[in-house]
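Numbering (the working numbering), first residue to last: 27 to 469.
Every residue gets a Cβ at the ideal spot worked out from N, C-alpha and C, and that includes glycine.
Please read these numbers as outputs of a predicted model, since none were measured by experiment.
The structure under discussion appears below in the form of structure tokens.
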């Protein structure tokens with residue numbers, strides 16, 4: 027068996043099992059070799075389907091011809107073929123490389139079915155270039171790990187089985203097999219950072235360091251191992267940093283760690299929320315402006331679409347829009363017969379609870395409304411002897427200030443009957459043994 031086929035088969039056996047390999051097929055040499063080699067070892071694979079997925083970025087004059095070429099190659103190999111056209115122009119301040127990549131990966135994500143394995147043809151030289159690019163950008167350990175061999179993706183996983191194979195080895199295989207591939211002239215343009223490295227910088231280094239690509243790829247593997255160890259440390263730290271509310275961190279406990287461990291666990295915690303970690307400058311601001319602030323302060327540091335805030339000893343990670351003003355100054359009438367959809371898409375639902383909740387007689391009233399905090403509201407929680415200002419109750423319950431204006435208040439006439447999610451107010455508490463009503467909030 028060809029050494030490339032042996033290596034490919036060995037790598038695939040280390041990936042998660044699947045019944046469907048989707049090959050990201052551009053029509054270039056690398057992805058053509060991957061598709062061709064995959065078909066060559068198909069009988070030894072535990073899959074029932076192999077397909078080629080081509081993304082037409084529409085950026086080159088011959089883009090449609092390339093798509094047709096890819097379809098013919100897939101047909102000749104006897105594999106299914108999908109082509110998706112995208113608008114890869116991007117925003118005015120976005121690099122063409124980044125815009126095309128984002129559009130491409132969006133297609134990949136949308137096309138994946140449950141358990142699919144998406145295979146990309148990145149090879150050893152690509153890995154070396156990626157490490158250098160990350161180094162020039164000042165990346166940390168996680169960035170210098172470059173491209174992972176496989177990772178969870180969409181409803182399945184993404185794998186790169188050629189990372190230990192050189193570009194030249196792929197070319198040798200392609201020529202020996204008589205493959206006909208597309209040469210994208212854009213790959214020669216040194217306006218793109220990766221092409222500049224590939225065609226200008228690396229050729230200057232190779233005479234002195236002939237094994238440069240192998241060495242850099244090995245360095246990336248070392249960084250990947252270090253990144254996994256840092257994640258394990260962060261996961262262990264996170265177990266003892268739980269705040270008073272779900273998904274929060276205790277600032278007091280976090281501050282007991284070394285600065286390096288604080289940064290490590292913060293980045294890990296943020297990634298667990300599906301958010302890109304902040305740049306170094308923003309991470310520094312989190313330390314100086316949020317973690318070091320007084321407990322009664324309300325500092326925040328934002329980046330992209332996220333913001334870190336504190337309330338008392340808890341550190342929160344929130345969408346950037348969290349913490350706006352009141353939802354609506356005007357009362358929303360509610361007949362309690364149907365769910366009430368709020369302006370932000372949340373839904374209020376009325377449920378029956380035996381021996382608790384609101385008096386059932388509330389359903390016969392015509393002056394029930396939903397409002398949001400303005401100022402000066404008063405409520406007497408069921409079981410208490412006196413009324414309290416809502417502001418005082420928020421503080422007692424530990425409700426962060428940015429959440430208070432979003433909590434629905436159920437009014438009967440001009441009295442608060444329920445603070446949704448927190449309490450029933452007198453005199454609207456159902457009598458013991460009676461069937462009560464409770465308003466719940468659905469996302």
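Contact under 7 angstroms by Cβ, residue i with residue j
i, j, result
"residue 362", "residue 389", "yes"
"residue 395", "residue 344", "no"
"residue 486", "residue 383", "Nothing about residue 486 can be reported from this structure: the residues present for the chain run from 27 to 469 only."
"residue 420", "residue 430", "yes"
"residue 296", "residue 303", "yes"
"residue 31", "residue 65", "no"
"residue 175", "residue 161", "no"
"residue 205", "residue 50", "no"
"residue 315", "residue 327", "yes"
"residue 437", "residue 397", "yes"
"residue 59", "residue 200", "yes"
"residue 464", "residue 377", "yes"
"residue 443", "residue 428", "no"
"residue 329", "residue 308", "yes"
"residue 346", "residue 331", "yes"
"residue 126", "residue 83", "yes"
"residue 246", "residue 157", "yes"
"residue 393", "residue 439", "yes"
"residue 260", "residue 294", "yes"
Limits of the beta strand (DSSP E) - the one that residue i falls within
i, result
"residue 438", "435-438"
"residue 357", "Segment: none, residue 357 is in no beta strand (DSSP E) and carries neither H nor E."
"residue 108", "106-111"
"residue 82", "75-82"
"residue 317", "That residue, residue 317, is in no beta strand (DSSP E); it is neither H nor E in DSSP."
"residue 441", "441-445"
"residue 144", "143-145"
"residue 327", "326-329"
Expected contact under 8 angstroms - CB spacing of residue i and residue j to nearest Å
i, j, result
"residue 44", "residue 166", "Not quite, the Cβ-Cβ distance comes to about 32 angstroms (not below 8 angstroms), so this is no contact."
"residue 404", "residue 415", "6 angstroms"
"residue 242", "residue 154", "4 angstroms"
"residue 218", "residue 123", "6 angstroms"
"residue 341", "residue 280", "7 angstroms"
"residue 276", "residue 339", "6 angstroms"
"residue 467", "residue 408", "No, residue 467 and residue 408 are not in contact; Cβ-Cβ is about 19 angstroms, not under 8 angstroms."
"residue 379", "residue 462", "5 angstroms"
"residue 53", "residue 207", "6 angstroms"
"residue 193", "residue 148", "In fact, because the Cβ distance is near 10 angstroms, the residues do not count as touching under 8 angstroms."
"residue 368", "residue 360", "Their Cβ separation, rounded to whole angstroms, is 11 angstroms, which puts residue 368 and residue 360 out of contact at 8 angstroms."
"residue 391", "residue 435", "With a Cβ gap of about 16 angstroms, residue 391 and residue 435 do not count as contacting."
"residue 86", "residue 212", "7 angstroms"
Continuous alpha helix (DSSP H) stretch holding residue i: start and end
i, result
"residue 345", "Not the alpha helix (DSSP H): residue 345 falls in the beta strand (DSSP E), residues 340-345."
"residue 50", "Residue 50 -> not in any alpha helix (DSSP H); beta strand (DSSP E) instead, spanning 46-50."
"residue 57", "55-66"
"residue 377", "Careful: residue 377 lies outside any alpha helix (DSSP H), inside the beta strand (DSSP E) at 373-380."
"residue 396", "Taken as a continuous stretch (DSSP letters only), residue 396 belongs to no alpha helix (DSSP H), being part of the beta strand (DSSP E) at 394-397."
"residue 333", "Run containing residue 333: none in the alpha helix (DSSP H); it sits in the beta strand (DSSP E), 332-337."
"residue 296", "285-298"
"residue 96", "89-103"
"residue 369", "Run containing residue 369: none; DSSP gives neither H nor E here."
"residue 417", "416-423"
"residue 428", "427-430"
"residue 385", "Element bounds for residue 385: n/a, residue is neither H nor E."
"residue 36", "29-39"
"residue 14", "This structure cannot settle anything about residue 14, because the visible part of the chain is limited to 27 through 469."
"residue 228", "228-231"
Other residues of its chain near residue i: CB distance less than 8 angstroms, five sequence neighbours each side excluded
i, result
"residue 225", "214, 216"
"residue 133", "79, 81, 110, 112"
Own chain residues within Cβ distance below 6 angstroms of residue i, not counting five before or after
i, result
"residue 34", "63, 187"
"residue 138", "180, 181, 182"
"residue 38", "187"
"residue 46", "75, 142"
"residue 100", "78, 107"
"residue 3", "Residue 3 lies beyond the residue range present for the chain, which begins at 27 and ends at 469; the question has no answer from this structure."
"residue 269", "275, 276, 340"
"residue 249", "167, 170, 171"
"residue 301", "332"
"residue 385", "454, 456"
Cutoff 7 angstroms; reference residue i; Cβ partners in own chain excluding five residues on either side
i, result
"residue 197", "55"
"residue 256", "167, 290"
"residue 191", "30, 33, 149, 150"
"residue 184", "144, 146, 176, 177"
"residue 70", "35"
Interface flag, residue i vs chain D, CB-CB below 7 angstroms
i, result
"residue 339", "The structure shown contains no chain D; it holds only a single protein chain."
- Task: May I have a chain-ordered list of the beta strand (DSSP E) segments no shorter than 3 residues that lie completely inside the segment 156-225?
- Result: With a minimum length of 3 residues, the continuous beta strand (DSSP E) runs that stay inside the segment 156-225 are 176-179, 182-185.
- Complete alpha helix (DSSP H) runs within the segment 238-268 (minimum length 4 residues, chain order): Note on the segment 238-268: whole alpha helix (DSSP H) runs with a minimum of 4 residues are 238-264, in chain order.
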